[in-house]
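Trainee:
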């Protein structure tokens, strides 16, 4: 790594910066962003044109040369913060910086209240909260930054050398600040400030604005904690503890709430691309046999010479898809994303039918009809579908049996069946004969399992009892794997 | 390679000022990347949601520099003869015909003709070649590059990395000056690694509140500050919903213009709902946003 950076050493670059850069690139690659050698060299060249003290340009120079996919931007930003957060004047971590910040607060507080509030220690919890509230109302950014610092000093209780990512410190700080209450108070003020009643729309807009400010504050606190962690333990160690998977690598089964949001954002562009790709594949299929009629018709314009032979383009029949998904707790997210992806490209299939089950099974195809809003449909599934038979614990055997009784005759040679679930059957009867029958009638039967392959058939998982009858069983733990599978379907 | 031309921009700040003077309001990222593209002589790949000013960026940069804008609109099935160059077949044919007549009177040999008909007068330049051969400053815009097939992308590679075009019959045409190149993509498919590697990457997202307000104020003359403020706030709220297609900047501008034309001073929920179809293009989105805006009070209890 260092060998690859050396020749492009920009003049006047300090050894420290160079070291940070090489660590930075290494961390980007570890996080999964593919930075090629050329791109690395480009970045070094770009930096020669950037005044180092111009932090924004510095950041965008690195981003523009090394990160070529917007889905990776967040990861880039985090790594950048970790490696370069201590650069730039206003970001310097002064030893007694915290005292300084509190002084600023005390200063402002004193000025406003008309009384000097003594030393930084004299600032009470209530005073800090009051300052926070005012700064938020005014949207005073410098002030908020100072408060963020003071709040971290006071509430986070950071212990040097502890190998944590900072989430815990963030949680502690935010709990003390109680931002929900602050928001309510701000809304109260907004309501009382206007003489008339706030209309719904105005209230909504005010709330959005305040929430945006609170978000900025949260980010500032997070950044402050990260800066201190870096100062304490060095960039490399912190980068390791804050490393998060890229959206396409997030595990469906263990996604946190934030990660689920990221997934939902990532899936839309992904499916759009997938649909385009499938449509093109269909259109640009290989040529078929000679179309005699068409060739003769065109030969007329060449005086009867068949100069322009025409061919029949084969139109491969679109498969009919039947999705049968387990929507019990742990695998619900997986079912959701798979359904969303299948429906987003439903134009590539002649028909899509969907069934969901826990221990009972219900058809939910109609929920997707007449609505373009897949999220709403999925919400209806979760609230309305009749999927509980006895106790609401997954029973694959019973669900499959019921399916076969009620809808089995609809499976025919055009049907591709997708079974989604972890096959954790709570030790109920497997009823694998259903799948054997199904495989005989259907064109294909696939099993998609959101669990890592090494967990299959451990505990109450009986996936291979089912998989033996399927045309294939696939591990589908993240969007990347799911996308790859769906592409070969179309 | 060609020597770097005298730089067009002094610093990111001068890019910002230049673009502002033609009423394009760039953010930090845009200004920085355009500046670097100029300094490094590299093309910029601009990506982002539709209607955020990707194409306009190229146009505005051209306007700032007083350069000619050469535009190549990409589509499925775009090929060499539409993007690079083509031999003027009809003219060549006429030339051969003329030669035959001359030959009857004892004219030149076949090699003379061959050399003649594959020379510059018989060459039809298409946008890419034109941009390379231009003597005056040009800005090359390759629009919606994600629409061409992966194979066609390869056509662009020579131009983008070396600023030259190889024509088998003529030799290599190199640029006399490095043009600024912008490629835009709506991200309907993944572009090839080779293409991405040669470009600087710029993602233009929806602008933040302050910038969008400024854009509205600049682009919609006569709008009052308070109305502009309301407009961008409502748009921000709508964008936070889960929609098929979030309103773009150009739609924000259309909406602001409409409100101005209707003589509306201040937007209430009813006006907003009535004019939503300007911001949103899908019925399901309109329904959702209307429901959300009119039921705003419900959200306060969430």
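Chains as they are written, first to last, in this note's numbering: chain A, 3 to 492; chain B, 9 to 310.
For every residue, glycine included, the Cβ atom is placed at its ideal position computed from N, Cα and C.
Identify whether residue 381 of chain A lies in helix, strand or coil by the three-state DSSP scheme.
Mentor: Reduced to three states, the DSSP call for residue 381 of chain A is helix.
Trainee: Looking at residue 84 of chain A and residue 237 of chain A, is the spacing between their C-beta atoms short of 8 Å?
Mentor: For residue 237 of chain A and residue 84 of chain A, yes; Cβs fall inside 8 Å.
Trainee: Please list the partners that residue 27 of chain B has in chain A, where partner means a Cβ-to-Cβ separation under 7 Å.
Mentor: The premise fails here: residue 27 of chain B is roughly 15 Å from chain A at the closest Cβ pair, so nothing lies under 7 Å.
Trainee: So, using beta-carbon positions, are residue 320 of chain A and residue 359 of chain A closer together than 8 Å?
Mentor: In this structure, residue 359 of chain A does not lie closer than 8 Å to residue 320 of chain A by Cβ.
Trainee: Do you know offhand how far residue 182 of chain A's Cα is from residue 65 of chain B's?
Mentor: The straight-line gap from Cα to Cα measures roughly 40 Å.
Trainee: Quick one, are the C-beta atoms of residue 213 of chain B and residue 253 of chain B less than 8 Å apart?
Mentor: Going by C-beta atoms, residue 213 of chain B is not nearer than 8 Å to residue 253 of chain B.
Trainee: Against chain B, which members of the stretch 130-163 of chain A pass a CB distance test of less than 8 Å?
Mentor: Within the stretch 130-163 of chain A, no residue qualifies.
Trainee: Mind checking whether residue 165 of chain A and residue 239 of chain A have CB atoms under 8 Å apart?
Mentor: Yes; because the gap between Cβ atoms is below 8 Å, this pair is in contact.
Trainee: So, for residue 380 of chain A: in the same chain, excluding its five sequence neighbours on each side, which residues have a beta-carbon less than 6 Å away from its beta-carbon?
Mentor: 338.
Trainee: Quick check on this structure: which residue in A/458, A/430, A/419 and A/431 has the alpha carbon closest to the alpha carbon of residue 448 of chain A?
Mentor: Nearest option by C-alpha distance: A/419.
Trainee: Quick one: is residue 151 of chain B buried, meaning 16 or more other Cβ sit within 10 Å of its Cβ, or exposed?
Mentor: So residue 151 of chain B ends up on the buried side.
Trainee: With a threshold of 7 Å on Cβ separation, who are the neighbours of residue 249 of chain B within its own chain once the five nearest residues in sequence on each side are excluded?
Mentor: The answer, listed in chain order, is 296, 297 and 300.
Trainee: At least one CB of chain A closer than 8 Å to the CB of residue 264 of chain B: is that the case?
Mentor: No, residue 264 of chain B does not count as interfacial toward chain A.
Trainee: I need the straight-line Cα distance from residue 22 of chain A to residue 235 of chain A, nearest angstrom please.
Mentor: Near 14 Å, if we compare the C-alpha coordinates of residue 235 of chain A and residue 22 of chain A.
Trainee: When you compare only the Cα positions, how much space is there between residue 137 of chain A and residue 146 of chain A?
Mentor: Spanning the two alpha carbons is a distance of roughly 6 Å.
Trainee: By the three-class DSSP mapping on this structure, what secondary structure does residue 1 of chain A have?
Mentor: Any property of residue 1 of chain A remains undetermined from this structure, which presents chain A solely from 3 to 492.
Trainee: Please report the distance separating the alpha-carbon of residue 70 of chain A from that of residue 305 of chain A.
Mentor: If I take the Cα positions, the gap works out to 54 Å.
Trainee: Are residue 245 of chain B and residue 202 of chain A closer than 8 Å when you measure CB to CB?
Mentor: No, the Cβ-Cβ distance between residue 245 of chain B and residue 202 of chain A is not below 8 Å.
Trainee: Against chain B, with Cβ distances strictly below 8 Å, would residue 304 of chain A count as a contact?
Mentor: No, its Cβ sits nowhere closer than 8 Å to a Cβ of chain B.
Trainee: Secondary structure at residue 192 of chain B, three-state DSSP: helix, strand or coil?
Mentor: DSSP places residue 192 of chain B in strand when its eight states are reduced to three.
Trainee: Where does residue 26 of chain B land, buried or exposed, given buried means 16+ other C-beta within 10 angstroms?
Mentor: Label assigned to residue 26 of chain B: buried.
Trainee: Determine the direct distance from the alpha carbon of residue 272 of chain A to that of residue 260 of chain A, and round the result to whole angstroms.
Mentor: So the alpha carbons of these two residues sit roughly 19 Å apart.
Trainee: In chain order, what residues of the stretch 258-273 of chain A put their CB closer than 8 Å to some CB of chain B?
Mentor: Cβ contacts with chain B come from 266 and 271.
Trainee: Residues of chain C with CB under 8 Å from residue 245 of chain B, in chain order?
Mentor: Among the protein chains in the structure shown, which are A and B, there is no chain C.
Trainee: Identify every residue that forms a DSSP beta bridge with residue 326 of chain A.
Mentor: Residue 326 of chain A is bridged to A/357 and A/421.
Trainee: From the DSSP output, in three-state form, read off residue 150 of chain B for me.
Mentor: Reduced to three states, the DSSP call for residue 150 of chain B is strand.
Trainee: Is it buried or exposed for residue 21 of chain B, if we count other Cβ within 10 angstroms and need 16 for buried?
Mentor: Flag for residue 21 of chain B reads exposed.
Trainee: How should residue 48 of chain B be labelled, buried or exposed, when 16 other C-beta atoms within 10 angstroms of its C-beta is the threshold for buried?
Mentor: With 16 or more Cβ atoms within 10 Å of its Cβ, residue 48 of chain B is classed as buried.
Trainee: Between residue 384 of chain A and chain B, is any beta-carbon pair separated by less than 8 Å?
Mentor: No, no contact with chain B.
Trainee: Which same chain residues end up closer than 8 Å to residue 250 of chain A when comparing Cβ atoms and leaving out the 5 residues on each side of it in sequence?
Mentor: Answer for residue 250 of chain A: 73, 268, 272, 480, 481, 482 and 485, listed in chain order.
Trainee: Evaluate residue 34 of chain B with the Cβ neighbour count: other Cβ atoms within 10 Å of its Cβ, from every protein chain shown; 16 or more gives buried, anything less gives exposed.
Mentor: With 16 or more other Cβ atoms within 10 Å, it is buried.
Trainee: Pick from A/26, A/191, A/230 and A/126: whose alpha carbon is nearest that of residue 179 of chain A?
Mentor: Comparing Cα-Cα distances from residue 179 of chain A to each of A/26, A/191, A/230 and A/126, the minimum goes to A/126.
Trainee: Check whether the stretch 224-231 of chain A and the stretch 149-160 of chain A touch, using three or more Cβ-Cβ pairs below 8 Å as the test.
Mentor: As far as the Cβ criterion goes, the stretch 224-231 of chain A touches the stretch 149-160 of chain A, which means the pair count is three or higher.
Trainee: 8 Å is my cut-off, CB to CB: does residue 275 of chain A come that close to chain B?
Mentor: Residue 275 of chain A counts as touching chain B.
Trainee: Assign residue 239 of chain B to buried or exposed, taking buried as 16 or more other Cβ atoms, counted over all protein chains shown, within 10 Å of its Cβ.
Mentor: Label assigned to residue 239 of chain B: buried.
Trainee: Keeping to the same chain, check which residues put their C-beta closer than 6 Å to that of residue 507 of chain A; ignore five residues upstream and five downstream.
Mentor: There is simply no residue 507 of chain A to check, as chain A begins at 3 and stops at 492 in what is shown.
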